[in-house]
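Asks: First the structure, which I've put down as structure tokens, then a few questions once you've had a look.
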Amino acid sequence: MQNNIEPVIEVRGLSKRVKDATGELTILDQIDLSIAKGSSVAIVGASGSGKSTLLGLLAGLDSASAGSVRLLGKELSTLNEDERAALRSGAVGFVFQSFQLMPHLTALENVMLPLELRAEMPHGEIAAHARSLLDQVGLAQRTGHYPKLLSGGEQQRVALARAFVTHPAVLFADEPTGSLDAATGYAIIDLMFEMNRRNGATLVLVTHDAELAERCDATVTIEAGRLVNGIGV
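With full-length UniProt numbering applied, the sequence shown corresponds to residues 1 to 233, in that order.
The following block contains the structure:
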């Protein structure tokens, strides 16, 4: 790696296999990947190619069948479920296609939730920080609204604010515009890249959108579970 800096994410020989009615199915096969701090990487591929599975493995949301994933210097296979959750809570943000907001919480409460779960800051400071982020995403007047009263674009803005509230070192995004119309999707992507630059996070996103992939520093293409083009960003 350049300047001998340890990569934020390093993958070696990563494979994922599952059993189905016909036997064993290989979803990912011998993936090698290295992603540097502050870079942006798009994972692209056809539906069913394994790209979302790869994202889940990189984030420690799933366990590999073989190989290794080092996230922020931690070998995920050596961590138990609670330790992986603690790592994600402290250093990782997520943006999903389906928003995954808590329906019984207001926009403000949704953004506050990750910090409240960590219980490291007074409630007032958490609320102030969450309000500031909602202001950054253009929702200063919608803090008291529940998700069902927000448009899809507004819900994804809340999800972005929630993702960045912990100042994550890595942001994982899985088809972040998949549930939005084109105009709204472009606005969300502009906002996501802007906030990512402002926070200095490493961005790893799954997308089928070629234009979105081109905005990233590098693109990783998955075909039938295998890496077509490897990177050492």
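Where a beta carbon is used, it is the ideal one built from N, C-alpha and C, also for glycine.
(1) With residue 68 as the anchor, note down where its alpha helix (DSSP H) starts and where it stops.
(2) In terms of residues, what are the limits of the alpha helix (DSSP H) holding residue 88?
(3) Answer with yes or no whether the minimum CB distance from residue 227 to chain C is below 7 Å.
(4) Between the alpha carbons of residue 200 and residue 94, how many angstroms are there, rounded?
(5) Please tell me whether residue 141 and residue 188 are closer than 7 Å, where the distance is taken between their beta carbons.
(6) Relative to the alpha-carbon of residue 72, which residue among 55, 166, 7 has its alpha-carbon at the smallest distance?
(7) Would you mind sorting residue 128 into buried or exposed? The rule is 16 or more other CB atoms within 10 Å of its CB.
(8) Between the beta-carbon of residue 44 and the beta-carbon of residue 213, is there less than 7 Å?
(9) Is it true that the stretch 80 to 94 meets the stretch 165 to 182, where meeting means three or more beta-carbon pairs spaced less than 8 Å apart?
(10) Could you tell me the alpha carbon to alpha carbon distance between residue 135 and residue 182, rounded to whole angstroms?
(11) Does the Cβ-Cβ distance between residue 133 and residue 161 come in under 7 Å?
(12) Could you work out which residue in 18, 39, 32 is closest to residue 196 when comparing CA atoms only?
(13) Just the C-alpha distance for residue 174 and residue 124, rounded to the nearest angstrom, thanks.
(14) I need the boundaries of the beta strand (DSSP E) containing residue 194, first residue and last residue.
(15) Where does the unbroken alpha helix (DSSP H) through residue 56 begin, and where does it stop?
(16) Are there 16 or more other CB atoms within 10 angstroms of the CB of residue 185, so buried, or fewer, so exposed?
(17) Buried or exposed for residue 198, going by 16 or more other Cβ atoms inside 10 Å?
(18) Hey, residue 37 and residue 202: beta-carbon distance below 7 Å or not?
(19) Excluding the 5 residues preceding and the 5 following residue 54 in the sequence, name in chain order all residues of the same chain whose CB lies nearer than 7 Å to its CB.
(20) Under three-state DSSP, which class holds residue 78?
(21) In terms of residue numbering, what span does the beta strand (DSSP E) encompassing residue 34 cover?
(22) What residue range is occupied by the uninterrupted beta strand (DSSP E) comprising residue 135?
(23) Assign residue 118 to one of two classes, buried (16 or more other C-beta atoms within 10 Å of its C-beta) or exposed (fewer than that).
(24) For residue 69 versus residue 57, is the C-beta distance shorter than 7 Å?
Replies: Checking against the coordinates, here is how it stands:
(1) Following the DSSP letters along the chain, one finds residue 68 in no alpha helix (DSSP H) but inside the beta strand (DSSP E) bounded by residues 66 to 71.
(2) First-last of the alpha helix (DSSP H) with residue 88: 81 to 91.
(3) Protein chains in the displayed structure number just one, and chain C is not present.
(4) Computed Cα separation, rounded: 15 Å.
(5) No, the Cβ-Cβ distance between residue 141 and residue 188 is not below 7 Å.
(6) Selection 55, 166, 7 evaluated against residue 72 yields 7 as nearest (Cα-Cα).
(7) Flag for residue 128 reads exposed.
(8) The beta carbons of residue 44 and residue 213 sit closer together than 7 Å.
(9) The way I'd put it, the stretch 80 to 94 does touch the stretch 165 to 182; three or more beta-carbon pairs between them come closer than 8 Å.
(10) Straight-line Cα distance between these residues: approximately 23 Å.
(11) Result yes, Cβ atoms of residue 133 and residue 161 sit closer than 7 Å.
(12) Of 18, 39, 32, the smallest CA-CA separation from residue 196 is found for 39.
(13) One C-alpha to the other measures close to 31 Å.
(14) In the DSSP assignment, residue 194 falls outside any beta strand (DSSP E) and lies within the alpha helix (DSSP H) extending over 182 to 199.
(15) Segment 51 to 58, the alpha helix (DSSP H) holding residue 56.
(16) Around the beta carbon of residue 185, 16 or more other beta carbons sit within 10 angstroms, so the residue counts as buried.
(17) Under this definition residue 198 is an exposed residue.
(18) Yes.
(19) 28, 31, 43, 222.
(20) In the three-state DSSP reduction, residue 78 falls in the helix class (H, G or I).
(21) Residues 23 to 35.
(22) Premise fails: residue 135 lies in the alpha helix (DSSP H), 123 to 136, not in any beta strand (DSSP E).
(23) Residue burial is scored here from C-beta neighbours: residue 118 has fewer than 16 other C-beta atoms within 10 angstroms and is therefore classed as exposed.
(24) Between residue 69 and residue 57, the CB-CB gap stays under 7 Å.
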